[in-house]
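Each remark here refers to the structure printed beneath this line.
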Amino acid sequence: MGYKTLAACVADLERHKMLKRIECELDPNLDIAAVQRRVYRAGGPALLFTKVKGCHFPMLGNLFGTLERARFIFRDALQDIELLTDLKVNPMVVGRQPARLRHLPRALAHLFPRRVLSGSVGARETSINRLPQLKSWPDDGGAFVTLPQVYSEDPEKPGWRFSNLGMYRVQLSGGKYQPNREVGLHYQLHRGIGLHHAAARQKGSQLKVNIIVGGPPSLAVAAVMPLPEGMPELSFAGLLGGRRLTVVQPQGYLPIPAEADFCICGTIVDEKLLPEGPFGDHLGYYSLAHDFPVVRVEKVFHRPGAIWPFTAVGRPPQEDTVFGEFIHELTGTLIPSVLPGVSGVHAVDAAGVHPLLLALGSERYIPYEKYKEPRELLTQANAILGQGQLSLAKYLLIAAKEDDPQLDLNDIPAFFRHLLERVDWRRDLHFQTRTTIDTLDYSGSGLNQGSKVVIAAVGDKRRDLLAEWPSVWRLAEGFSEPRLVLPGIAVVKGPGCREVSRSQTRRAIERLLQGLAQNHQEEGLPLLVVVDDSEFAARTLDNFLWITFTRSDPALDIYGVKALVVDKHWGCSGPLLIDARHKVHHAPLLIEDAKSRDRVERLAVKGGPLQGLF
10 MGYKTLAACV ADLERHKMLK RIECELDPNL DIAAVQRRVY RAGGPALLFT KVKGCHFPML
70 GNLFGTLERA RFIFRDALQD IELLTDLKVN PMVVGRQPAR LRHLPRALAH LFPRRVLSGS
130 VGARETSINR LPQLKSWPDD GGAFVTLPQV YSEDPEKPGW RFSNLGMYRV QLSGGKYQPN
190 REVGLHYQLH RGIGLHHAAA RQKGSQLKVN IIVGGPPSLA VAAVMPLPEG MPELSFAGLL
250 GGRRLTVVQP QGYLPIPAEA DFCICGTIVD EKLLPEGPFG DHLGYYSLAH DFPVVRVEKV
310 FHRPGAIWPF TAVGRPPQED TVFGEFIHEL TGTLIPSVLP GVSGVHAVDA AGVHPLLLAL
370 GSERYIPYEK YKEPRELLTQ ANAILGQGQL SLAKYLLIAA KEDDPQLDLN DIPAFFRHLL
430 ERVDWRRDLH FQTRTTIDTL DYSGSGLNQG SKVVIAAVGD KRRDLLAEWP SVWRLAEGFS
490 EPRLVLPGIA VVKGPGCREV SRSQTRRAIE RLLQGLAQNH QEEGLPLLVV VDDSEFAART
550 LDNFLWITFT RSDPALDIYG VKALVVDKHW GCSGPLLIDA RHKVHHAPLL IEDAKSRDRV
610 ERLAVKGGPL QGLF
């Protein structure tokens with residue numbers, strides 16, 4: 010059976026030497042997050058901070074810091090999830106293995122929450138200012154809950170069956186919030202709570218919410234799962250947790266998981282928006298302050314011995330990377346049943362997840378054509394971009410699996426090689442302009458505003474890719490230091506544009522294009538990326554992916570040598586160029602506070618309380 014409480018999980022991890030108690034006092038203002046990030050990078054244990062400055066609640070970090078630990082935590086339920094997945098994808102295979110079916114009644118029973126009259130979560134009360142005040146980056150606008158599970162119900166169909174449990178950022182302090190009476194709630198586009206909020210406003214009522222922190226570890230994973238329509242997260246939390254989830258409902262409030270560690274009960278204040286943020290986010294930049302809904306706090310419950318779980322985000326990879334890997338393990342085999350013809354989708358974590366998707370589809374219906382071009386791939390690409398959080402992607406690169414049945418989406422260099430050997434820039438670029446992108450992405454034309462591009466390549470290899478910069482190529486004035494990142498991909502240092510206008514930025518790129526157009530063109534270098542520091546961008550593949558896809562918007566920043574428009578379709582006959590410099594409208598980079606960095610690293614020296622952790 011899975012863990013009933015977070016404390017039970019902590020105790021089990023400690024028995025198996027997967028958790029380290031940090032018993033020196035540490036400040037939740039910058040220092041604790043700095044420790045967690047370093048221990049994650051070192052592949053270290055979960056961390057229980059027992060002495061939190063200014064707070065008597067212990068804090069739990071790096072719980073999901075390795076994929077092996079995530080599998081261990083949910084080891085008792087993985088076979089049940091695999092059974093239900095196989096029944097969905099290929100029931101005939103399960104039918105030939107009847108012994109597996111004996112687990113089916115248990116798995117199905119775990120999907121149904123069980124209401125109880127009382128629960129540990131309601132035993133104590135506290136106030137917002139007594140909760141751990143975690144601040145992860147120097148310019149964060151206040152303290153934040155970083156592993157919140159926000160519960161809401163459909164006003165038209167109340168009850169857990171039509172509920173939503175989502176991980177939406179919560180600001181506890183700072184800004185213009187009334188201390189202890191208000192908190193900020195940042196939810197993004199295409200999230201379940203948005204439907205509930207809109208329905209409540211249409212009905213003329215206010216939306217009640219519960220902000221849950223802690224509880225069985227399955228709750229946190231369920232809150233970020235891309236579940237099929239109609240499956241409540243509370244059901245999945247029971248399945249993943251290996252036991253029915255118990256819920257309690259105090260008079261006048263929504264249901265609360267009975268074994269949660271904390272629950273902030275409140276109501277979204279009608280028609281009131283306040284600036285939420287800034288917040289150092291998972292793209293590696295700050296998300297800036299913008300108006301978001303406000304929750305009026307009515308009660309703050311907590312269980313005896315409550316533990317406050319948290320994570321710290323920043324430029325990937327971070328702990329949330331493991332969430333993505335674990336979720337892909339659970340759901341990856343379902344993709345063909347949800348997206349017919351698509352055999353796999355890889356949201357590239359190093360590029361910030363949403364900015365870059367790689368996909369394998371198929372051209373199944375026209376095998377007789379001598380010269381293939383993307384057709385069904387485009388249908389599949391549109392289906393991918395219409396699927397939940399995948400709809401926030403900016404760059405979708407899709408290839409046909411039958412062109413190379415051994416191609417692995419997780420082998421990013423091999424995928425880029427395959428695509429660039431086949432792509433035809435005159436034909437294979439398909440833009441969506443003036444559309445929505447990730448709220449946290451500031452590369453577009455405004456908040457939630459930007460563009461997308463599908464690059465679809467199919468057919469036989471059409472070029473050999475170069476592994477060095479062509480000696481005959483000459484760069485325009487202001488551009489220098491070309492470096493190869495991968496075969497067929499080069500980065501070039503361009504003039505700084507952090508302080509100049511978009512028109513000045515474009516004029517510089519036009520000079521570069523004109524110069525390249527006069528060169529003897531080499532087919533083997535189809536992709537050029539302009540960056541601020543070409544040595545840094547080419548140093549590692551992760552650096553290249555992060556810079557290229559977080560600092561560019563397709564419609565604003567894609568150019569081409571000898572560009573042309575035919576029947577409103579844009580393409581180019583020379584190399585494609587992406588301008589990935591850090592521009593004036595982009596958000597600031599995340600930089601650690603020097604004093605906090607020095608404090609934390611002093612604690613890790615020989616003989617220090619953090620020795621050997623990172």
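Quick note on numbering: the sequence shown equals residues 10 to 623 in my numbering. Every residue, glycine too, gets a C-beta built ideally from N, C-alpha and C.
Would you give the residue range spanned by the beta strand (DSSP E) that residue i belongs to?
i, result
"Q389", "No beta strand (DSSP E) contains Q389, which is instead part of the alpha helix (DSSP H) from E385 to I393."
"Q458", "Q458 to A466"
"F81", "Per DSSP, F81 belongs to no beta strand (DSSP E); it is in the alpha helix (DSSP H), L76 to I82."
Per DSSP, residue i is paired with what?
i, result
"Y262", "DSSP output for Y262 lists no bridge partner at all."
"G275", "V218 and V306"
"V61", "L35 and C64"
"G289", "Y295"
"H595", "DSSP lists no partner for H595."
"L283", "F301"
"L493", "A499"
"K29", "L56"
"A408", "L369 and A466"
"G70", "L56"
"F440", "V462"
Return the CA-CA distance between residue i and residue j, expressed in angstroms with no decimal places.
i, j, result
"L550", "S561", "17 Å"
"M10", "R253", "10 Å"
"T514", "G503", "10 Å"
"R115", "M27", "29 Å"
"R516", "L297", "28 Å"
"E280", "D300", "11 Å"
"A485", "A360", "28 Å"
"D437", "G455", "27 Å"
"D89", "L96", "11 Å"
"I518", "H591", "14 Å"
"T342", "G183", "43 Å"
"V347", "Q396", "9 Å"
"P313", "I265", "16 Å"
"A79", "V331", "8 Å"
"F440", "A390", "12 Å"
"G70", "L573", "52 Å"
"S480", "Q523", "18 Å"
"L72", "D576", "53 Å"
"G293", "R511", "22 Å"
"L174", "G533", "49 Å"
"H65", "K166", "39 Å"
So, residue i versus residue j, is the Cβ gap smaller than 9 Å?
i, j, result
"K638", "T444", "In this structure the chain extends from 10 to 623, so residue 638 is not present and cannot be described."
"Y295", "W146", "yes"
"E372", "V306", "no"
"G247", "L76", "no"
"E134", "K308", "yes"
"L537", "I464", "no"
"Q158", "I220", "yes"
"G323", "H291", "yes"
"L56", "L474", "no"
"A423", "L493", "no"
"G223", "P318", "yes"
"A269", "V130", "yes"
"Q45", "A321", "yes"
"A624", "H363", "In this structure the chain extends from 10 to 623, so residue 624 is not present and cannot be described."
"A43", "S605", "yes"
"P241", "F310", "no"
"D5", "V609", "The requested residue 5 does not occur in the structure, where the chain is confined to residues 10 to 623."
"K2", "T155", "Any property of residue 2 remains undetermined from this structure, which presents the chain solely from 10 to 623."
"H594", "Y374", "no"
"F624", "A589", "An answer regarding residue 624 cannot be provided, because it is not within the stretch 10 to 623 covered by the chain."
Output the boundary residues of the alpha helix (DSSP H) element that contains residue i.
i, result
"Y49", "D40 to R50"
"S172", "Taken as a continuous stretch (DSSP letters only), S172 belongs to no alpha helix (DSSP H), being part of the beta strand (DSSP E) at S172 to G175."
"D588", "Element bounds for D588: not the alpha helix (DSSP H) but the beta strand (DSSP E), L585 to D588."
"V19", "L15 to R24"
"R606", "A603 to L612"
"V256", "Taken as a continuous stretch (DSSP letters only), V256 belongs to no alpha helix (DSSP H), being part of the beta strand (DSSP E) at T255 to V257."
"Q527", "R511 to Q527"
"F245", "E242 to G250"
"R210", "G201 to K212"
"L483", "According to the sequence shown, residue 483 is Arg rather than Leu. That residue, R483, is in no alpha helix (DSSP H); it is neither H nor E in DSSP."
In chain order, each alpha helix (DSSP H) run of at least 4 residues that lies wholly inside the region 293-374:
The region 293-374 contains these whole alpha helix (DSSP H) runs: 328-340 and 344-347.
(message) My parser needs the alpha helix (DSSP H) runs of 4 or more residues fully inside the region 529-582; what are they?
(response) Whole alpha helix (DSSP H) segments, 4+ residues: 543-548, 550-559 and 563-566.
**Report entry** 4 or more residues per run - each alpha helix (DSSP H) lying fully within the region 112-198
**Finding:** The qualifying runs are 113-118.
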